[in-house]
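S.K.: Have a look at the structure that comes next, please.
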Amino acid sequence: MDSNGIVAGLDVHKDSVYLCIMGHDESIIFQKTIRSAANGTVSDAQ
């Protein structure tokens, strides 16, 4: 793996999805959590 690359992670559960993209220096470039709610979908992005 290229040590200067970008890494993406995806964590899927029954009622939520978490996506994170990190730079080679472990800084978070993008992260988002999507949770299923009774009346729809709730999303938190940073």
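Each residue of the sequence shown is one higher than the one before, counting from 0 in numbering that gives the first Met the number 0. Note that beta-carbon positions come from the ideal geometry of N, C-alpha and C, so glycine has one too.
#1: Rounded to whole angstroms, what is the Cα-Cα separation between I20 and D14?
#2: Per DSSP, I20 is paired with what?
#3: What does the alpha-carbon distance come out to for the pair M0 and G22?
#4: Who are the Cβ neighbours of D5 in its own chain at under 8 Å, not counting the five residues just before and after it?
M.R.: Concretely, from the data shown:
#1: 21 Å
#2: A7, F29
#3: Summary for M0: the model assigns pLDDT 49, below 50, so the residue's position carries little reliability, and this model does not support an answer.
#4: Checking the displayed sequence, the identity of residue 5 turns out to be Ile instead of Asp. Within the same chain, I5 has close Cβ partners I20, M21, G22, H23, I28.
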